[in-house]
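Each residue of the sequence shown is one higher than the last, beginning at 0 in numbering that gives the first Met the number 0.
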Amino acid sequence: MAKKKPEKPQRILTPHQISHWEQQKRRQRIILMTGIFVIALVLAVVGIGWYLGQYKPLRETVIKVNDAEFTMDYYVEMLKLEGAFHSESDLSLVADTVLQNIQRSELVRQGAKKLEISIADEEVKKVLKNNDLPDKEVYRDLVGYQLLIERLLDVHFGPQVPLNTEQRQVMAMMLESEVQALEVRSKLVSGEDFGELAEELSLELFSKNKGGDLGWVPRVILQDVLRTSIVDDIFNHEVGDLSQPIYDEEAEKGVGYWLAKVLERNEDEDETHIQVILLRSEEEAQNIKKQLEAGADWGELAVAHSQIKGVEENLGEYQVSAGMMQQPIDEFAHSPDTEIGVISEPLRDEDVLTKSGYWLIKVLDEDTNRRIDTEYRDYLKSKALDEWVASLIDDEDNEIVNYIDEEKKSWAVEQATKG
């Protein structure tokens with residue numbers, strides 16, 4: 000029979016040992032709780048920082064258009080889309096434009112709703128799917144806006160534009176002086192080609208690009224393109240008759256003539272003190288030069304004739320360094336061959352705009368009820384749309400509130416550039 004294994008005597012802790020053990024357990028619990036608290040505190044700080052630095056600002060309302068509100072997150076997403084067409088450095092330059100586009104789009108949506116014109120969600124989703132675009136709010140809004148514009152043009156503004164109207168078939172060109180216009184008219188009478196001469200000589204952009212042949216044009220189109228009284232002359236002119244030169248005081252042309260005089264040079268400062276006058280034609284420039292050489296006051300003639308804005312304040316006098324003025328003036332002012340106090344010959348400049356010129360026109364045919372070309376009808380529909388949108392923006396009953404300041408705008412641009 001096997002012997003019983005003696006039982007291990009039970010260890011009995013003394014009161015001192017029990018007290019020490021309980022103290023150790025309390026210390027461990029304190030250390031554990033302290034660690035948990037520190038971790039929780041760190042997470043809370045990080046969370047609060049994220050909430051205050053990212054979450055909360057992105058959900059703040061930055062634009063309100065009547066009852067519609069747009070958050071900072073929406074603005075940032077729109078900036079990201081705009082960033083696809085601009086560099087990071089340029090994005091801040093279009094930040095205001097993006098704000099205006101958001102306001103404009105919402106006004107159009109609300110205005111169209113009053114006209115009972117809208118776009119169904121299914122239409123928007125179809126376009127997004129067909130173009131592999133994400134089904135996100137900003138994409139839905141942009142696509143919906145484009146579809147809405149197209150529908151407004153077709154359904155609302157299209158019927159406002161007539162299919163037929165009075166028109167003229169016109170040849171036209173604008174020249175800088177009456178003398179030149181008379182010379183060109185003589186060439187036309189002698190059989191030279193109107194289109195070739197207009198393409199070479201016309202100083203008005205529309206007629207030059209058309210080679211003088213404006214085609215069949217409604218009055219309203221000519222008024223918007225030319226913006227001068229020459230339109231009345233065209234519609235009152237006899238068919239088949241080549242006009243005499245017609246003076247147009249308001250027409251803009253891409254050429255001018257400078258008169259300049261160097262008064263003083265400061266070699267140390269690399270500055271030149273000059274007087275300048277910008278004139279409308281070489282003929283006028285020669286006439287003004289004769290008056291100046293005869294002793295007429297430069298400032299008085301500059302105020303009376305110069306095409307430069309602000310000439311009333313400086314009487315045509317400038318302190319300039321190299322590169323500050325138009326090229327013809329810059330070259331004259333800083334050329335070592337230019338004598339102090341000598342008036343320049345007329346300096347032709349094709350990079351400035353001056354007013355007035357002389358038209359030659361010929362009306363080839365007329366029609367009191369001709370069908371308007373599709374291109375012109377589309378233009379007239381777009382014009383009507385633009386005027387309607389402008390009226391929405393100007394309507395005092397529409398409440399537009401912009402809560403975003405420069406600091407928030409900069410923050411939004413920064414978020415957008417992060418991607």
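By construction, the Cβ of each residue, glycine as well, lies at the ideal position given by its N, Cα and C atoms.
Inter-residue Cα distance where the pair is L291 and G298: In a straight line, the C-alpha of L291 is about 10 angstroms away from that of G298.
How many whole angstroms separate the CB atoms of P158 and L258, which I take to be in contact at a CB cut-off of 8 angstroms? Their Cβ separation, rounded to whole angstroms, is 55 angstroms, which puts P158 and L258 out of contact at 8 angstroms.
Entirely enclosed beta strand (DSSP E) segments - the stretch 144-199, minimum 3 residues: 163-174
Which residues bound the alpha helix (DSSP H) around G110? Following the DSSP letters along the chain, one finds G110 inside the alpha helix (DSSP H) bounded by residues A94 to K113.
Residues that DSSP places opposite Q274 in a beta bridge: Q274 is bridged to K260 and E316.
For the beta strand (DSSP E) holding D212, just list the boundary residues, first then last. Where D212 is concerned, the enclosing beta strand (DSSP E) stretches over D212 to P217.
Quick check: the Cα distance between E175 and E349, rounded to an integer number of angstroms? Take the alpha-carbon of E175 and the one of E349: they are about 12 angstroms apart.
I'd like to confirm the pairing. Which residues does DSSP put opposite Y357 in its beta bridges? L174 and Y246
Touch check for the stretch 271-278 and the stretch 299-316: three-plus C-beta pairs under 8 angstroms? The answer is yes - the stretch 299-316 touches the stretch 271-278, with three or more Cβ pairs under 8 angstroms.
Measuring CB atoms only, is the stretch 355-371 touching the stretch 58-65, in the sense that at least three cross pairs come out at less than 8 angstroms? no
K260 and V351 look like a contact to me (Cβ under 8 angstroms); what is the Cβ gap, rounded to whole Å? Their Cβ separation, rounded to whole angstroms, is 19 angstroms, which puts K260 and V351 out of contact at 8 angstroms.
Closest to D269 by CA distance: which of E76, L241, E281 and S334 is it? S334
From this set, M71, M323 and V64, which residue's C-alpha is nearest D404's C-alpha? M71
Assign D140 to one of two classes, buried (16 or more other C-beta atoms within 10 Å of its C-beta) or exposed (fewer than that). buried
Would the beta-carbon of L146 fall within 8 angstroms of that of V123? yes
Does DSSP put I62 in a helix, in a strand, or in coil? strand
In whole angstroms, give me the CA-to-CA distance for N286 and G255. 14 angstroms
Verify the CB distance criterion: does D131 have a CB-CB separation below 8 angstroms to chain C? Any reference to chain C falls outside this structure, which holds one protein chain only.
What does the alpha-carbon distance come out to for the pair G239 and E281? 31 angstroms
Out of D131, N265 and S355, state which residue places its alpha-carbon closest to the alpha-carbon of A321. Selected option, being the one with the closest Cα: N265.
Have a look at L181 and I220 and give me their C-alpha separation to the nearest angstrom. 28 angstroms
Counting Cβ pairs, one atom from each stretch, are 3 or more of them under 8 angstroms apart for the stretch 239-249 and the stretch 131-138? Per the Cβ contact rule, the stretch 239-249 is not in contact with the stretch 131-138 (fewer than 3 Cβ pairs under 8 angstroms).
Considering only the beta carbon of each residue, do L391 and G143 sit closer than 8 angstroms? Against a cut-off of 8 angstroms, the Cβ pair of G143 and L391 comes out as no contact.
Determine the DSSP secondary structure at T227, reduced to helix, strand or coil. coil
So what does E365 bridge to, in DSSP terms? Answer by DSSP bridge pairing, in chain order: R167.
Could you tell me if V294 is buried or exposed, where buried requires 16 or more neighbouring beta carbons within 10 angstroms of its beta carbon? Correcting the residue identity first, residue 294 is Gly in this sequence and not Val. Per the 10 Å Cβ criterion, exposed.
Length of the line joining the Cα atoms of K207 and V169: 13 angstroms
Proximity winner among T271, D212 and S185, relative to A197 (alpha-carbon distances): D212
Would you kindly report the start and end of the unbroken beta strand (DSSP E) that includes E68? A67 to T70
Cβ shell of R370 (< 8 angstroms), same chain only, five flanking positions each side left out: L162 and N163
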